[in-house]
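Under the numbering used here, think of the first position of the sequence shown as 5, with each following residue one higher. Just so it is clear, CB atoms sit at the ideal spot from N, CA and C, and this is done for glycine as well. Keep in mind the model is a prediction, meaning the values are calculated, not measured. Heads up, the thing below is written out as structure tokens.
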Amino acid sequence: MPSPARAWLVTGAGMLVNLCLGILYAWSVWKANLIATADHPAGSPMTGLNEGWVYLSDAQATWAYSICGFTFALFMIPGGRLQDRYGPRVGCTLAGVCLGAGCVLAGLMKSYLGLVLGFGILGGIGMGLGYAAATPAAVRWFGPHRRGLIVGLVVAGYGGAAIYIAPLAKTLIAEHGLTGSFVTLGALFATVIVIASQFLTMPPAGYVPPAAPDSAKPRPAIASIDRSAKHMIGTWQFFALVALFVGSAQAGLLVIANAAPILNKTASGIAFFAANAWLLASYGGVVNASGRVGTGSYSDAIGRTNAFALNGLAAAACLFALPSVIASANVWLLFLAVGVVYWQYGGTLALMPAWTADFFGSKNLGLNYGLVFFGWGVAFFIPQAAGFIKDSTGSLDAAFYLSGGLLIATVILSRFVRKPV
Numbered sequence: 005m006p007s008p009a010r011a012w013l014v015t016g017a018g019m020l021v022n023l024c025l026g027i028l029y030a031w032s033v034w035k036a037n038l039i040a041t042a043d044h045p046a047g048s049p050m051t052g053l054n055e056g057w058v059y060l061s062d063a064q065a066t067w068a069y070s071i072c073g074f075t076f077a078l079f080m081i082p083g084g085r086l087q088d089r090y091g092p093r094v095g096c097t098l099a100g101v102c103l104g105a106g107c108v109l110a111g112l113m114k115s116y117l118g119l120v121l122g123f124g125i126l127g128g129i130g131m132g133l134g135y136a137a138a139t140p141a142a143v144r145w146f147g148p149h150r151r152g153l154i155v156g157l158v159v160a161g162y163g164g165a166a167i168y169i170a171p172l173a174k175t176l177i178a179e180h181g182l183t184g185s186f187v188t189l190g191a192l193f194a195t196v197i198v199i200a201s202q203f204l205t206m207p208p209a210g211y212v213p214p215a216a217p218d219s220a221k222p223r224p225a226i227a228s229i230d231r232s233a234k235h236m237i238g239t240w241q242f243f244a245l246v247a248l249f250v251g252s253a254q255a256g257l258l259v260i261a262n263a264a265p266i267l268n269k270t271a272s273g274i275a276f277f278a279a280n281a282w283l284l285a286s287y288g289g290v291v292n293a294s295g296r297v298g299t300g301s302y303s304d305a306i307g308r309t310n311a312f313a314l315n316g317l318a319a320a321a322c323l324f325a326l327p328s329v330i331a332s333a334n335v336w337l338l339f340l341a342v343g344v345v346y347w348q349y350g351g352t353l354a355l356m357p358a359w360t361a362d363f364f365g366s367k368n369l370g371l372n373y374g375l376v377f378f379g380w381g382v383a384f385f386i387p388q389a390a391g392f393i394k395d396s397t398g399s400l401d402a403a404f405y406l407s408g409g410l411l412i413a414t415v416i417l418s419r420f421v422r423k424p425v
């Protein structure tokens, strides 16, 4: 029988993989160096270390980010199938190759097309394949009483990646230019992911996870039947989980996409924050990762639905308050409000795979969660709609109100969702 240390080794390897895949959450650092300004209009050439690149419009720079997210969600589905059929190593190794190659391609092409093809599509493919492999592998080593905590730990790597990638990317861009930053990180991530993937293994046949301690509080019954993807899609609960994913993830994605501009607007008179906008991205990574572990842990105690509602209502209140906070120019209130939304978003990424396993079992979790995860991809385009609101009104106020309202509606929906019988 494998030792408990093996289970934690698999969990740690999954976290390490996600610490590389999470480059998506640090995209704003590259965007800040790519977008045009009054002095450098879109299409004008860059000089110095970035010679060969041209300045992009805000929409062009944002599309690379959005396409990456949507491609990520799409490839969670084949990634889940690879995981369920061949185990986690195959998909995760391919993930390292794709993400690394995508970053290198984006750097060497030095163009908008290169960013879309390299970072957006090839990078998104790598993220989907890798993310689909890491979580199910770890979950199978533990009993249901630890499911939320283990999912939270593994996906915390993805959320926390911005903590180190944001400052690292800024340093690489300053010293080696945009191309050097993409190529260096691409080579690093490919190496780390391929090596870490070799430690991702499924439990042997007949393996029984450790049981809950006798002192553990009774929990509601969870799924005892492992349902196939075909069976899952035939239930209304599947569509409910997808809807919950869309409604809850959109709030965090809205804040992530606009973090730097929000900080710049709030702290327009504070030079330190204006010169170090990456701080909000790194801070968000800390809270995002903490929210995944924290929410996953207390959802095991109070239930997924209660944890979802607690996080969602708190985040909605902060979204409604954000226009006033930004207008007040209070940076510390901004960090507090944005931090709550980051926590809620991180919690969503811990709750949804645990919820999927609770409802439909863990045997086919790779493919099943890949299908549910499509809701995250749909939510990615809601911040894109906020851009149109900003173009029309000159501010994001209406977008924050809309996002908060949608989050409340999602919390209400969650109260009616029950495990299939």
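Residue i in three-state terms, based on DSSP
{"i": "residue 39", "result": "strand"}
{"i": "residue 417", "result": "helix"}
{"i": "residue 57", "result": "strand"}
{"i": "residue 49", "result": "strand"}
{"i": "residue 227", "result": "For residue 227, the pLDDT reaches just 45, beneath the cut-off of 50, and the residue's location in the model is therefore unreliable, although a value from the coordinates is still provided. Coil, per DSSP."}
{"i": "residue 219", "result": "With a pLDDT of 49 at residue 219, under the threshold of 50, the modelled position of this residue cannot be trusted; read the value that follows with caution. If DSSP states are grouped into helix, strand and coil, residue 219 belongs with coil."}
{"i": "residue 114", "result": "coil"}
{"i": "residue 294", "result": "helix"}
{"i": "residue 373", "result": "helix"}
{"i": "residue 204", "result": "coil"}
{"i": "residue 5", "result": "Residue placement at residue 5 is flagged as unreliable, the pLDDT there being 45, under the threshold of 50; a coordinate-derived value is accordingly withheld."}
{"i": "residue 309", "result": "helix"}
{"i": "residue 232", "result": "coil"}
{"i": "residue 168", "result": "helix"}
{"i": "residue 334", "result": "coil"}
{"i": "residue 400", "result": "coil"}
{"i": "residue 274", "result": "coil"}
{"i": "residue 426", "result": "In the structure as shown, the chain begins at 5 and stops at 425. Residue 426 is therefore absent and cannot be evaluated."}
{"i": "residue 180", "result": "helix"}
Neighbourhood of residue i by C-beta distance below 6 Å, restricted to the same chain and skipping five residues each side
{"i": "residue 459", "result": "There is no way to answer for residue 459, as the model of the chain reaches only from 5 to 425."}
{"i": "residue 187", "result": "108, 111"}
{"i": "residue 193", "result": "24, 103, 104"}
{"i": "residue 253", "result": "352, 380, 383"}
{"i": "residue 259", "result": "342, 345"}
{"i": "residue 326", "result": "341, 404"}
{"i": "residue 226", "result": "In this prediction, residue 226 has a pLDDT of 48, which is less than 50 and means its spatial position is unreliable; what the coordinates show is noted afterwards. Cβ within range, chain order: 148, 362."}
{"i": "residue 38", "result": "60, 65"}
{"i": "residue 17", "result": "200, 203, 204"}
{"i": "residue 49", "result": "58"}
{"i": "residue 56", "result": "114"}
Beta-carbon gap between residue i and residue j smaller than 7 Å
{"i": "residue 356", "j": "residue 249", "result": "yes"}
{"i": "residue 158", "j": "residue 256", "result": "no"}
{"i": "residue 229", "j": "residue 21", "result": "no"}
{"i": "residue 270", "j": "residue 189", "result": "no"}
{"i": "residue 116", "j": "residue 204", "result": "no"}
{"i": "residue 313", "j": "residue 303", "result": "no"}
{"i": "residue 133", "j": "residue 83", "result": "yes"}
{"i": "residue 263", "j": "residue 284", "result": "yes"}
{"i": "residue 316", "j": "residue 417", "result": "no"}
{"i": "residue 30", "j": "residue 200", "result": "no"}
{"i": "residue 307", "j": "residue 88", "result": "no"}
{"i": "residue 246", "j": "residue 155", "result": "no"}
{"i": "residue 142", "j": "residue 95", "result": "no"}
{"i": "residue 364", "j": "residue 236", "result": "yes"}
{"i": "residue 300", "j": "residue 86", "result": "no"}
{"i": "residue 160", "j": "residue 130", "result": "no"}
{"i": "residue 387", "j": "residue 209", "result": "no"}
Residue i Cβ short of 6 Å to the ligand NAP heavy atom set
{"i": "residue 237", "result": "Among the components modelled here there is no ligand, and therefore nothing to report on the ligand NAP."}
Outcome for residue i when other beta-carbon atoms lying within 10 angstroms are tallied against a minimum of 16
{"i": "residue 219", "result": "Caution applies to residue 219, whose pLDDT of 49 falls short of 50 and renders its modelled position unreliable; the value that the coordinates give is listed next. Residue 219 is exposed by the Cβ-count criterion."}
{"i": "residue 162", "result": "buried"}
{"i": "residue 348", "result": "buried"}
{"i": "residue 359", "result": "buried"}
{"i": "residue 332", "result": "exposed"}
{"i": "residue 392", "result": "exposed"}
{"i": "residue 238", "result": "exposed"}
{"i": "residue 34", "result": "buried"}
{"i": "residue 397", "result": "exposed"}
{"i": "residue 420", "result": "exposed"}
{"i": "residue 76", "result": "buried"}
{"i": "residue 266", "result": "buried"}
{"i": "residue 297", "result": "buried"}
Neighbour flag for residue i against chain B, beta carbons, 7 Å
{"i": "residue 48", "result": "Structure shown: chain B not included; a single protein chain is present."}
Beta-carbon contacts of residue i that lie in its chain and below 7 Å, excluding the five residues immediately before and after
{"i": "residue 183", "result": "111, 112, 114"}
{"i": "residue 286", "result": "166, 167, 170, 171"}
{"i": "residue 181", "result": "53, 54"}
{"i": "residue 413", "result": "251"}
{"i": "residue 374", "result": "80, 81, 83, 84, 136"}
Beta-carbon proximity list for residue i, same chain, < 8 Å, skipping 5 on both sides
{"i": "residue 385", "result": "70, 74"}
On the three-pair Cβ rule with 8 Å, is the stretch 65 to 81 touching the stretch 337 to 356?
-> Output reads no: the stretch 337 to 356 does not touch the stretch 65 to 81.
For the stretch 110 to 124 and the stretch 416 to 424, state whether three or more C-beta atom pairs, one from each stretch, are separated by less than 8 Å.
-> Here the stretch 110 to 124 does not lie against the stretch 416 to 424, with fewer than 3 beta-carbon pairs under 8 Å apart.
Does the stretch 159 to 175 touch the stretch 293 to 302, meaning 3 or more C-beta pairs lie closer than 8 Å?
-> The stretch 293 to 302 is in contact with the stretch 159 to 175.
Do the stretch 120 to 129 and the stretch 399 to 414 touch if we need at least three Cβ pairs shorter than 8 Å?
-> Cβ pair count under 8 Å is below three, so no.
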